[in-house]
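J.: Residue numbers (this note's numbering), protein chains in the order written: chain A, 4 to 351; chain B, 4 to 351; chain C, 4 to 351; chain D, 4 to 351.
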């Protein structure tokens, strides 16, 4: 059994890691770190975890973690990982960071979008950006540090990478209109705006001018296309807890039939257990991947306007966070990527 | 008091007309037609209407209506109005049709998108397409027949018309990503897909290849721009009952600052009581116009991709249907357009 | 026009007062007090109020209020009214207090349940407990201070008062199982527990051991029955924003047919415009009174267990707060009680 | 691997069985029967099941089933099981029936509440009522036919059985006020009343006079108490998909402290992996058992009214249906009862 720890255990991403790892046949959760709730049993904080055998919540202590864990998931706020990763790596643990700290390769881009200087820029090159369906398998070999992608970049990257790779799309025309359940905001965003009464029966755009996932999406698509790509990205908030639906648009440089586009995607994702390319005419709904680590894609070409329409759906807490982190851990450890991860969604 | 009747009184649009007209100071509701529930008191079918003094539901009878009403709202299914409008007009009533029958000016386009031949094509020219913020005031003068716009075309038309009119936008690039509450489907769409359990906590696109509101939006924008416009329109279903948020994108032909775009919209809608152009940096949420006849707009220019982003919010049953129909009635009768119509939204 | 002011204008109760009073034909809103947002236009804080002509938010100033208003609604937190009512009354304003400060007649009971000594006990006797369907009309005559009932006591009082008055029920057996939308918690309860993500798709009881509305319900039922009544009251939180459904149970002392119970309620509430006693076999849903000032009642007798079952539904922000406060204002001013108040609910 | 089949595979209970059984380490799903969708891959009907390896949907054929399966779950409508169980048993399969057909021991009671004569009354005695926390373990030994309890009777039985067994409660005073998510209505109840637009943001009681789970609850509590028990049971519909919260009230015959009641429940359910008796002062919410096979209980005694208050929470599709059926299967097969069943809930 591989001993794993979670730092930031009581957040939504941390607690989803706990839930999923509890069912993983090769893993034992040996450390749960929560600076705000140290000393408590996890079920006294998060009652849905009653019934599981889990370690008591503890303070953050790198030396203790080194004794308890071979792999550590970092599920804290932005800034924590870049501050603490060097000390943890030095103690021999392998890290999977679910924050944004190691996602962007260019520290200048990080500084521009996150408003602070990166404190561990030397690790940026080493960190593997772990979007398994787009990341080369060999990258995982001896990796010590995985940057787990953001939720929107996961959905948008999987939706658009195959197309931009072909060169068929005008990459100056990419529009990504994404819609997310509220859990993407996390458990620590405790403001009036996130009260039930303010979001229930309400739909809106947010961060319209500027959202931090923009450069991460652009990095993924630039790698896929081989040249610099810029996107218009607009996130929206849906009155539901989980799920992202990403509707992406790309003007085509030539006439492409829906059938040809569909064949292209089907081939691209062949053999990927977590990507389902739906038949033509069939589009995914977020509920269909609720609780699942799948990313489902539906697509068409609007021949009237010569526009490709790509629609992807994920569970933002699973494929968009904790599930993908476990998928990365599986790859890191040489396990089948699906080990311990749910394929079926929970419906209704 | 003007005597008005509603045909299709028990649908969502019909019942919203009843609710709103009950508070209208110049109107008396004198006939409620429902072929499926004739003979019953309305509150026995729609319990939220308890407490109002209303006529009993009756069969459809043009001669009876002619005695009871000066104005009739047609809130039935597509096809009813084009079949019955001629007889009603002949009997001297003025009609406001909330179905799609008289919205498209070109009967060939109607046939293409609705899959049937128009049975009253001679009335298409006479019918006034009543989107009051875009329709010339003089058109209402002696009008006998108003075509009340669709919900999406209302939101999209108000969001994009000012921009396309300027010629600043590349009208081959228009993308309309719209999100609607479920009441847009009406009360008679009784299938598994519309069950609570299937839509709760779920978000999806629908009618992706082809939605009947596409040609109506194109007609409005073609009129505004002076040339033929085609749009990519993708509707989505939000797990909430009321509200449409329309996120529209247009590539700009030249660099336009957000401030300039904002000034342009502010001027365009000056004096329109039901359009609120939000300050820069502020975007409407559907809840903020819930129950209101307003259409609120937020906008920006993404200078990185040279794209104008226009976001409009309406209540699909009010400004997108019954409220706008009453606004049209007010204009038809020479009343102030705001008479009897709510400006404030209902929140939380 | 009667000039009215609202203290606590940006809370959920305050903003609902604004919305409803804006449509009241005899009232002009002349002062909106918000200590946290003074100086701002209300629509910049509460965007659903765009389009209304309203005074700018101001600091709390009794002298200014005295010049601006004849009637003041106090919609602040518990404790504000008992501190400030004396000064406001002294300046000649009439007050409608929506907090709990003046609801309980016995200062000892207040101290026991609210955990503090009442600071204006001399006003407790003078204050009129304004539950209009149960309060004698003559009580309003020269009243200066109205205590507006709590939301649960309104729903429970209307449901049970007619029965306990008859003496048919064993008043030691009363069980009130009430379910409320989340807006009852107000806009200032900003904690993790009230985040969207914590309450969506979730149902639970709260304050099970002890809820402050218990003694208020007991006071109402004790007055109705003529002797001291104690109740078991359990509130629950429903994943929706508005609405209370109150399911009340009473063991009967003798066999009572459903028809007899129904006749008794119908007679009791005859002539009350805001109470609808539904036909036997028909029960209210919260949506049917959403946005309405009605309280609808459905009832039966379970002959197998000899238990009366009384089900009442209100909108907690309307009949349970702002609407009832305006109803009280109407009675205070000698206006018809329905003036400016919606009878129809908003559905769907 | 035990080969199992599911009859009624595309309903909500059937599809939840598929999802859960797919993760069961000792089971292989070898037959999926759906009379309406035979011939299709299950994922073409229920898209959340993409990615699983499952047999194609087939017609109902007892002989084929006998070759494919050792255990069959019957998840069809009421009436199917009593018609077909004899033939299936004769062919040697063991049956777990999730319908109501074999729950009530007395065919007269069945006839009274279900309005039809039982067609296999001889099997009623043989059938084991499988509520594992209350059913004696030895009952499972050679059982051929399990009657899987209803959702409400599971929640109410677990909440009240320990108390009624003690004799401390006045069993003429039992009131069960239960609240359920909408999935309890199933996928085939396709009427206006169950549309999203009719239930969203709405809360109501239903089947107030008479609900078929009443005699099943009474049967369970009569067995526990040793004498005939009658209950007042009122179900309500919550605007959410999954979850039941059951709030039960019992007048106590003597003064019982909350601590004593709590100790009694803790002892009663000691060693039961799926029942969590929460600490005093802590009450379960439905979300905390969402997707879990747990039943969590919170309780207190209201000393003012001498009433025990018992609150239980389950996921109606898991512990209230499919999960409990698998728990029963585990017991039938001599496996640990928790095999393949989730303990953690899914939150947020």
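Glycine is no exception: its CB is placed at the ideal position from the N, C-alpha and C atoms.
As the structure is a computational prediction, the values presented were derived from the model and not from experiment.
Closer than 7 Å between beta carbons: that is the criterion. Which residues of the region 186 to 206 of chain A meet it against chain B?
T.: The residues in question are 200, 201, 204, 205 and 206.
J.: When every heavy atom of the ligand ADP is checked, does at least one fall within less than 7 Å of the C-beta of residue 338 of chain C?
T.: As far as ligands go, the structure on display features none, and thus does not contain the ligand ADP.
J.: Please confirm if residue 4 of chain A has its CB atom under 8 Å from at least one CB of chain C.
T.: Residue 4 of chain A sits at position 1 when you count from the first residue of the first chain. So, not an interface residue.
J.: So what's residue 307 of chain C in DSSP terms, helix, strand or just coil?
T.: The residue labelled residue 307 of chain C in the question sits at position 304 within the third chain. Three-state result, residue 307 of chain C: coil.
J.: Classify residue 67 of chain A as helix, strand or coil using the three-state DSSP reduction.
T.: On the first chain, position 64 is the one that residue 67 of chain A refers to. Residue 67 of chain A falls in the helix class under three-state DSSP.
J.: When DSSP labels each residue in this structure, what does residue 59 of chain B get in the three-state scheme?
T.: On the second chain, position 56 is the one that residue 59 of chain B refers to. Here residue 59 of chain B sits in coil by DSSP.
J.: What's the gap between the Cα of residue 145 of chain C and the Cα of residue 218 of chain C?
T.: Here the question's residue 145 of chain C lines up with position 142 in the third chain. Here the question's residue 218 of chain C lines up with position 215 in the third chain. C-alpha separation (whole angstroms): 27 Å.
J.: Given that residue 131 of chain D touches chain C, what residues does it touch there, using C-beta distances under 7 Å?
T.: Taking the fourth chain and counting its residues from 1, the one referred to as residue 131 of chain D is at position 128. Simply none; closest approach about 28 Å.
J.: When DSSP labels each residue in this structure, what does residue 105 of chain A get in the three-state scheme?
T.: Within the first chain, the letter at position 102 stands for residue 105 of chain A. Residue 105 of chain A: coil per DSSP, three-state reduction.
J.: Mind checking whether residue 347 of chain B and residue 55 of chain C have CB atoms under 8 Å apart?
T.: Counted from its first residue, the second chain places residue 347 of chain B at position 344. Counted from its first residue, the third chain places residue 55 of chain C at position 52. Cβ atoms of residue 347 of chain B and residue 55 of chain C: closer than 8 Å.
J.: Any beta carbon from chain B within less than 8 Å of residue 312 of chain A's own beta carbon?
T.: Here the question's residue 312 of chain A lines up with position 309 in the first chain. Cβ-Cβ to chain B under 8 Å: yes for residue 312 of chain A.
J.: Relative to the C-alpha of residue 42 of chain A, which candidate in A/300, A/57, A/307 and A/276 has its C-alpha closest?
T.: Stepping through the first chain from its first residue, residue 42 of chain A is reached at position 39. Minimum Cα distance to residue 42 of chain A is reached at A/57.
J.: Mind checking the region 236 to 253 of chain A against chain C and listing, in chain order, the residues whose C-beta falls within less than 8 Å of any C-beta there?
T.: From the region 236 to 253 of chain A, only 242, 243 and 244 have a Cβ closer than 8 Å to chain C.
J.: On the criterion of 16 or more Cβ atoms from any shown chain inside 10 Å, does residue 350 of chain B qualify as buried, or is it exposed?
T.: Position 347 of the second chain, counted from the first residue, corresponds to residue 350 of chain B. Classification for residue 350 of chain B: buried.
J.: Would you mind sorting residue 61 of chain B into buried or exposed? The rule is 16 or more other CB atoms within 10 Å of its CB.
T.: Residue 61 of chain B sits at position 58 when you count from the first residue of the second chain. Burial call: buried.
J.: Helix, strand or coil for residue 281 of chain D per DSSP?
T.: Position 278 of the fourth chain holds residue 281 of chain D. In the structure shown, residue 281 of chain D sits in coil (DSSP, three-state: anything other than H, G, I, E or B).
J.: Determine, using beta-carbon pairs with one atom in the region 159 to 166 of chain A and one in the region 204 to 223 of chain C, whether at least three such pairs fall under 8 Å.
T.: The answer is no - the region 204 to 223 of chain C does not touch the region 159 to 166 of chain A, with fewer than three Cβ pairs under 8 Å.
J.: Please identify, using Cβ separations under 8 Å, the residues of the region 287 to 302 of chain D that lie next to chain A, in order along the chain.
T.: So the close ones are 287, 288, 290, 291, 292, 293, 294, 295, 297 and 299.
J.: With distances taken from CA atoms, which of C/209, C/175 and C/193 is nearest residue 221 of chain C?
T.: As a first step, residue 221 of chain C must be located in the third chain, where it is residue number 218. Nearest C-alpha to residue 221 of chain C: C/175.
J.: Cβ closer than 8 Å: which chain A residues qualify as neighbours of residue 279 of chain D?
T.: Mapped onto the fourth chain, residue 279 of chain D falls at position 276. Correct list: 53 and 54.
J.: Return the chain-ordered list of same chain residues with a C-beta closer than 7 Å to the C-beta of residue 170 of chain A, the five sequence neighbours on each side being excluded.
T.: What you label residue 170 of chain A is simply residue 167 of the first chain in a count that begins at 1. No residues qualify anywhere along the chain.
J.: Could one say the Cβ of residue 213 of chain B lies closer than 8 Å to chain C's Cβ atoms, at least one of them?
T.: To locate residue 213 of chain B, count along the second chain from 1; it is residue 210. Closer than 8 Å: no.
J.: Given a cut-off of 8 Å on the beta-carbon distance, is the pair residue 241 of chain A and residue 182 of chain A in contact?
T.: Position 238 of the first chain holds residue 241 of chain A. Position 179 of the first chain holds residue 182 of chain A. In contact: residue 241 of chain A and residue 182 of chain A (Cβ atoms closer than 8 Å).
J.: Classify residue 154 of chain B as helix, strand or coil using the three-state DSSP reduction.
T.: Here the question's residue 154 of chain B lines up with position 151 in the second chain. Three-state DSSP puts residue 154 of chain B in a helix.
J.: I want to verify the contact list: residues of chain D whose CB lies under 7 Å from the CB of residue 351 of chain A, in sequence order.
T.: Numbered from its first residue, the first chain carries residue 351 of chain A at position 348. Those are 15, 186 and 244, listed as they occur along chain D.
J.: Just mark residue 230 of chain D as buried or exposed, buried being the case when its beta carbon has 16 or more other beta carbons within 10 Å.
T.: One-based indexing of the fourth chain puts residue 230 of chain D at position 227. Classification of residue 230 of chain D: exposed, given that the 10 Å Cβ count is below 16.
J.: Out of A/89, A/23, A/210 and A/281, state which residue places its alpha-carbon closest to the alpha-carbon of residue 188 of chain A.
T.: Mapped onto the first chain, residue 188 of chain A falls at position 185. Residue A/210 is the option with its Cα nearest to residue 188 of chain A.
J.: Using DSSP's beta-bridge definition, name the partner residues of residue 315 of chain A.
T.: For the purposes of this step, residue 315 of chain A is taken as residue 312 along the first chain, with counting starting at 1. A/249 and A/300.
J.: What are the residues of the region 147 to 172 of chain D that lie near chain C, defined by any Cβ-Cβ distance shorter than 7 Å?
T.: Per Cβ criterion, the list is empty.
J.: Considering only residues of the same chain and omitting the five flanking positions on each side of residue 130 of chain B, which have a CB-CB separation below 6 Å?
T.: One-based indexing of the second chain puts residue 130 of chain B at position 127. Excluding positions up to five away in sequence, the list reads 105, 148 and 150.
J.: Do residue 83 of chain D and residue 101 of chain D count as a contact pair if the criterion is CB distance below 8 Å?
T.: Residue 101 of chain D sits at position 98 when you count from the first residue of the fourth chain. Residue 83 of chain D sits at position 80 when you count from the first residue of the fourth chain. Taking 8 Å as the Cβ cut-off, residue 101 of chain D and residue 83 of chain D do not qualify as a contacting pair.
J.: On the three-state DSSP scale, how would you describe residue 45 of chain D?
T.: For the purposes of this step, residue 45 of chain D is identified with residue 42 of the fourth chain, where counting begins at 1. Residue 45 of chain D falls in the helix class under three-state DSSP.
J.: So which residues on chain G does residue 348 of chain B lean against when the C-beta distance must stay under 7 Å?
T.: Among the protein chains of the structure shown, namely A, B, C and D, there is no chain G.
J.: Give the DSSP-derived three-state secondary structure of residue 206 of chain C in the structure shown.
T.: Counting from one through the third chain, the residue named residue 206 of chain C turns up at place 203. Coil.
J.: Give the secondary structure of residue 183 of chain C by DSSP, where H, G and I count as helix, E and B as strand, and everything else as coil.
T.: Locating residue 183 of chain C in the third chain gives position 180, where the first residue counts as 1. Reduced to three states, the DSSP call for residue 183 of chain C is strand.
J.: Could you tell me which whole beta strand (DSSP E) segments of length 3 or greater appear in the region 224 to 274 of chain D?
T.: Here the runs fully enclosed are 235 to 240 and 247 to 254.
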